[in-house]
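Read through the structure below, which is laid out as structure tokens, and then see the notes.
4 protein chains.
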Amino acid sequence: MRAQRVELFVCPTATPADTAGLQKLVDSGKIKPDTLVALVGKTEGTGFHDDWGRVWADVALRDWTSKFLGVPVDEVAKHVIFVLSGGCPGVITPHIVAITREWIEVPDKDVEVGKDKRMVVGRAGSDPIAPEEVGRMGQIRKVAEATRHAMTDAGLTDPKDVHLVMVKVPGLTTSSISDAESRRQTVVSHDLTFGPEGAGAYANDAAALGVAMALGEVPESKLSDDVVRRDWDLYSEVAMTSSGGEKRHGEVVVFGNAASSRSAVRIGHAVTRDFIDAEGIRDALRSAGLSFSNGTPSPEELTPLVHVFAKSVIPGSDRIRGQRITLLDDADAYQIGKALGGMLVASVTGRTTNYVSGGERNSHQGPPGGNIVAAVVRAEG
Amino acid sequence: MRAQRVELFVCPTATPADTAGLQKLVDSGKIKPDTLVALVGKTEGTGFHDDWGRVWADVALRDWTSKFLGVPVDEVAKHVIFVLSGGCPGVITPHIVAITREWIEVPDKDVEVGKDKRMVVGRAGSDPIAPEEVGRMGQIRKVAEATRHAMTDAGLTDPKDVHLVMVKVPGLTTSSISDAESRRQTVVSHDLTFGPEGAGAYANDAAALGVAMALGEVPESKLSDDVVRRDWDLYSEVAMTSSGGEKRHGEVVVFGNAASSRSAVRIGHAVTRDFIDAEGIRDALRSAGLSFSNGTPSPEELTPLVHVFAKSVIPGSDRIRGQRITLLDDADAYQIGKALGGMLVASVTGRTTNYVSGGERNSHQGPPGGNIVAAVVRAEG
Amino acid sequence: MRAQRVELFVCPTATPADTAGLQKLVDSGKIKPDTLVALVGKTEGTGFHDDWGRVWADVALRDWTSKFLGVPVDEVAKHVIFVLSGGCPGVITPHIVAITREWIEVPDKDVEVGKDKRMVVGRAGSDPIAPEEVGRMGQIRKVAEATRHAMTDAGLTDPKDVHLVMVKVPGLTTSSISDAESRRQTVVSHDLTFGPEGAGAYANDAAALGVAMALGEVPESKLSDDVVRRDWDLYSEVAMTSSGGEKRHGEVVVFGNAASSRSAVRIGHAVTRDFIDAEGIRDALRSAGLSFSNGTPSPEELTPLVHVFAKSVIPGSDRIRGQRITLLDDADAYQIGKALGGMLVASVTGRTTNYVSGGERNSHQGPPGGNIVAAVVRAEG
Amino acid sequence: MRAQRVELFVCPTATPADTAGLQKLVDSGKIKPDTLVALVGKTEGTGFHDDWGRVWADVALRDWTSKFLGVPVDEVAKHVIFVLSGGCPGVITPHIVAITREWIEVPDKDVEVGKDKRMVVGRAGSDPIAPEEVGRMGQIRKVAEATRHAMTDAGLTDPKDVHLVMVKVPGLTTSSISDAESRRQTVVSHDLTFGPEGAGAYANDAAALGVAMALGEVPESKLSDDVVRRDWDLYSEVAMTSSGGEKRHGEVVVFGNAASSRSAVRIGHAVTRDFIDAEGIRDALRSAGLSFSNGTPSPEELTPLVHVFAKSVIPGSDRIRGQRITLLDDADAYQIGKALGGMLVASVTGRTTNYVSGGERNSHQGPPGGNIVAAVVRAEG
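Chains as they are written, first to last, in the working numbering: chain A, 1051 to 1431; chain B, 1051 to 1431; chain C, 1051 to 1431; chain D, 1051 to 1431.
Put into structure tokens, the structure is as follows:
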């Protein structure tokens, strides 16, 4: 049978348009046109709607990938998925992670059941999502279906083996709202921001619920338009989602572990129970198989750690462990919230090259007040 | 002989003008007019120059203290030292710590040498500091002298027993600069901010070097006007300083441990080696006598922890452990830098009621890139 | 018959808690407990949700007024209406306007019809507004009714004589939303901000439509829940509204001109046609009876100008006179939008003590893209 | 003799990297490789140090120009001067102005003295400016000399004919400071920002004084290192300067009017007397020959206006016409100050495509509190 060999390469970037690290990987033969499946990264800049650092990075990376693959820029997305999260406030180093997947022929007898599971990755696109479906059941169902297809592509059947699902879905725009309303359809919000009632927040959260539905984290019977951004007890522990107005359909990348995998790396995940819960970060490292003798890993014990992907959603409550915080009132909460997640992760991983996205207030990505953390660790064998 | 019994009471505040927690302490007999020596706290608001939350808190607290002590508002400062640090971005709970000092008569024979040392506190004012001395040797020497007097007031002779020195000094104002220049004196800077060349930063840093000189952390021979904010290898590990234009002389509060003390609490300190060094926070807890079996304290093991006082000065370099961060370029660096210190402390202490001040770039308060942390722990006996 | 004599006194303030200017007016006999009807002002600070400058000003002013009137603080609002708008970015001088109304007995024969009309003021409270009514028809109708009552109190019958209606209404809070939902009622938004879909914006805009309904600017037949913050062609040209969670009912102050008035001042208003329309400001001055020979008033010609009240709502479109602006994407748009209104007014009035509130995006307060401006001018006779 | 024909083309841009407007000018034959002398524009983004919008625009424009001229990117600066000012807060439309200069052979007899003067442009580079000269007399003298050369290139001899001098000079960087200090030289500041004592501010202001010296606005005898950013009574009324660490020498572009010019456009300038002085903007229009019958130009009368170049330096005082403003205390002052200048200009010119740079506090570019405004108008003949 065919088995996957997945690898991650972390490239710090010196400017938004810096592709030198990627080129070096190409030059050394570590990534090839037919193995590169995703570029996931943090781009420097404000992280706001008009963050030109992110836009420039996107343009420069697609241009580079187009040349690398030898395909036109507008076909790049068919081959490589881009997940660029804007804003590196605080102690988050701008970086790009190149994720490669190689297919290896393995004799069937060598694929032992019960063997040490290793990392696999799978991708799928969803059916087109209409503006009136954004942030609602239509989107939830389409993302759920795409998640199932991506699991199949990854060779995963048990949701327990899934540790991270990155999703990109269409958001709403002035023109897509006009389109829907001209057809006498309503939309979930006229607020185009990622604020509490913003279309961006609804799109991200419906996508998270779609993942939760596909993985059985939330039964379909509990889902409806009315629960999105209302019933915070419904959530996924592995979905990291983003949305952009320009897209027409969703894209899903599933990361998990499989016995058949021939990867040198393993993925795990956990959730923090609240905004200051460093133990949740350590749990994610443990879940990925990092072992540390003491309560917190030493620099040496952190050597096998390849990368951490974390959300830093701001809690909806103004209390942490019973005490009031003023973050919800803070005009800079969006940036500060993201920065704080970066510190929580860096203070445990001992490094600043962590993928941390967030800053929005409340989400179905992770439990109320807590956040999702996934870690990739190099296995010993 | 007379021995000190020092106690700390942490009161979270619901608004900048909230004195309910203090009043409750008074009503229950825990603080009395002749035992209250200092009010140290974090006030909510932006933390910027025009932060009205801090100003309102200052007015309301002085008013309350005036009534409590039965003295006019403008004499309150003779009895109680106020250290209010503005800005609670992120996970810093607005709060006031009331510090009391009671004098107890102890038979001389009961003051054993070598006994478990406990917390003491001492205060002193400096000679008036002229505008042309601010940020220069004049200020350094006067703060050093006041620090020695405050040690004497605390009953401390060995600098090793000093774990925290809070200092407030005059800054520069438009009018004090005019005054100096009318007398043909120069001033250290015309920039009234806390920016890299700001008078506020110079005043704070000269105060820190004054403490370092008094404690022998830096020999006087190495000190001159030219080293202030230039030679970062000269620093104090225990000085937390602030400055305000309206003051004429410096105020110093020394916190340490003494064998003669009859306090139930003990103080300790450490420094972080860089901006993400959670181990430095844990070292401060250990220094104060908190014991934890594993690498990081559990919630139960944190019970004896009374309070943490920490600085969060932004590193002067754009590298942390070899990787680039963009914090120095960030327009919100002042708030984000303070918020990150709050997270580093809270993720270890498991609580948000920590005193964390900072946000300025580079300082003689702590080593280059690192920060000062002091902790107070309730002793068992 | 009884006739009004209305006067306005503009007091710049040195700090949020500065009541010295008001006290001076009292000491000189210009304002008396039974003539003070409203305090309207701009307070320094960020203007954000947690702007402690505004809160401190509110507390200090109510305290001062309580002492001035000799009534308890919680009864002050029955006698004097407070409209404090937070945030003085740019060229807006923090200030308080004391508005007084004296009743004078005038022989009926002296009240000539067709005489030069002068300023009058009227006030009224609305019926309690339930959380589920906020931002909806319930609120619109109750504000409309209160506006009619305030007109009666002012002695005005013709809507054309109304030039400014200041309204304060309840907003939504976490607890009022819970209250409504516990009674199985829905609320207009769960977003408690003044963002595009925020409850604050809905409350303000429904209040503006209530004024528009009372004055016949919008026929009741065109009003419904669905048009609020949707149909921007419905608007008032005289309503300036604000909302706060703590209130239970609305308060309305109507400013207009009446033939019976014995005031020395006259009010007028106009709207700007877009965000850079200085001519709209000049039109308001002309409407209030300020005469200037040339296209723009000279400093001397501005002498009779007493005060300007202006909104500075950010346009919903990213185009001004055909060219793109990036204000809608700006993270600081709220403050910049308010600051720009301050400049537009100050560059015409030649002074910075103007009341300018705003910063929200789109509103039924004024036409799409334009803003409301009211001016008070001292009449010659 | 050879005579100049200068033209300006204003191209609004849709994104930082948008060169479509320039390409259209090329396609229609309006700009040619040998006539393009400068690209001056406003780029969207924050305008801060790490504004990637400005950086991306710079990269994209140099790349486009390189292809247009057929020269390598690193030689583009020899042919075309780029002045890109970052940040379009408020009502400033992102745009690029292409400035072309054509040389025409004109019979000497046709160059009448006393004829209607029209626009000319001249350029010159300065000698290399060492780090220790930045912000000091060394830089002042070198910029003065380059200004004289640029006047010669423009064909101007009388300083009264000079209406705008755009200058770019080297700033300081960490490495250039190290270089200077390794040679035992001091530098003007270690603060690399544009704050009150920042190296960027010193570099800009010394450049302005260099222009003032060349034009005789300030006699050389009054100039010394000590007056830079100290004696605000010394200033230029036509210098708009900027600095960047990467440069080694200064670049100067002089704009003025000459009788020999065959341009269709004319330039003029004025200064505002304070931050709200709309009359100063109108004076600049008048100076450029725009005629308007009334006090302020009507839309029709504005038709011949080609472009306005304005500074918006924040006043060093907290008073405008006797009243306090809080701008100096505002954390967003840099952006708000620039935005306010944009509004002052737009409210007079009736358009948003104005070049407005600024936001720094105090400058030798213009009188204390006031700002420089230059206008270009199409002449009738």
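Glycine included, C-beta positions come from ideal geometry on N, C-alpha and C.
8 Å Cβ cutoff met for residue i and residue j
i	j	result
residue 1179 of chain D	residue 1237 of chain D	no
residue 1424 of chain C	residue 1213 of chain C	yes
residue 1242 of chain B	residue 1259 of chain B	no
residue 1305 of chain A	residue 1187 of chain A	no
residue 1405 of chain D	residue 1076 of chain D	no
Nearest-angstrom Cα separation, counted from residue j out to residue i
i	j	result
residue 1427 of chain D	residue 1351 of chain C	30 Å
residue 1227 of chain A	residue 1100 of chain B	42 Å
residue 1277 of chain D	residue 1061 of chain D	39 Å
residue 1173 of chain C	residue 1204 of chain C	7 Å
residue 1094 of chain D	residue 1059 of chain D	19 Å
residue 1341 of chain B	residue 1166 of chain B	15 Å
residue 1375 of chain A	residue 1104 of chain B	16 Å
residue 1343 of chain D	residue 1184 of chain B	58 Å
residue 1055 of chain A	residue 1244 of chain A	37 Å
residue 1072 of chain D	residue 1366 of chain B	42 Å
residue 1198 of chain B	residue 1308 of chain B	16 Å
residue 1125 of chain A	residue 1349 of chain A	42 Å
residue 1293 of chain C	residue 1382 of chain C	21 Å
Minimum Cβ-Cβ distance from residue i to chain C less than 8 Å
i	result
residue 1294 of chain B	no
residue 1091 of chain B	no
Residue i at chain D interface by Cβ criterion, 8 Å
i	result
residue 1125 of chain B	no
residue 1099 of chain B	yes
residue 1287 of chain B	no
residue 1386 of chain C	yes
Cβ-Cβ separation, residue j to residue i (assumed contact under 8 Å), whole Å
i	j	result
residue 1361 of chain A	residue 1290 of chain A	6 Å
residue 1363 of chain C	residue 1421 of chain C	6 Å
residue 1130 of chain D	residue 1088 of chain D	6 Å
residue 1392 of chain A	residue 1140 of chain A	5 Å
residue 1287 of chain D	residue 1321 of chain D	5 Å
residue 1083 of chain C	residue 1118 of chain C	6 Å
Per-residue DSSP class, three states only, for residue i
i	result
residue 1145 of chain B	strand
residue 1189 of chain B	helix
residue 1421 of chain C	coil
residue 1010 of chain D	Lying outside 1051 to 1431, the shown extent of chain D, residue 1010 of chain D is not represented and no answer is given.
residue 1168 of chain B	strand
residue 1099 of chain A	coil
residue 1177 of chain A	strand
residue 1415 of chain B	strand
residue 1202 of chain B	helix
residue 1116 of chain B	helix
residue 1140 of chain C	coil
residue 1240 of chain A	coil
residue 1254 of chain B	helix
Chain B contact for residue i (CB, 8 Å cutoff)
i	result
residue 1144 of chain A	yes
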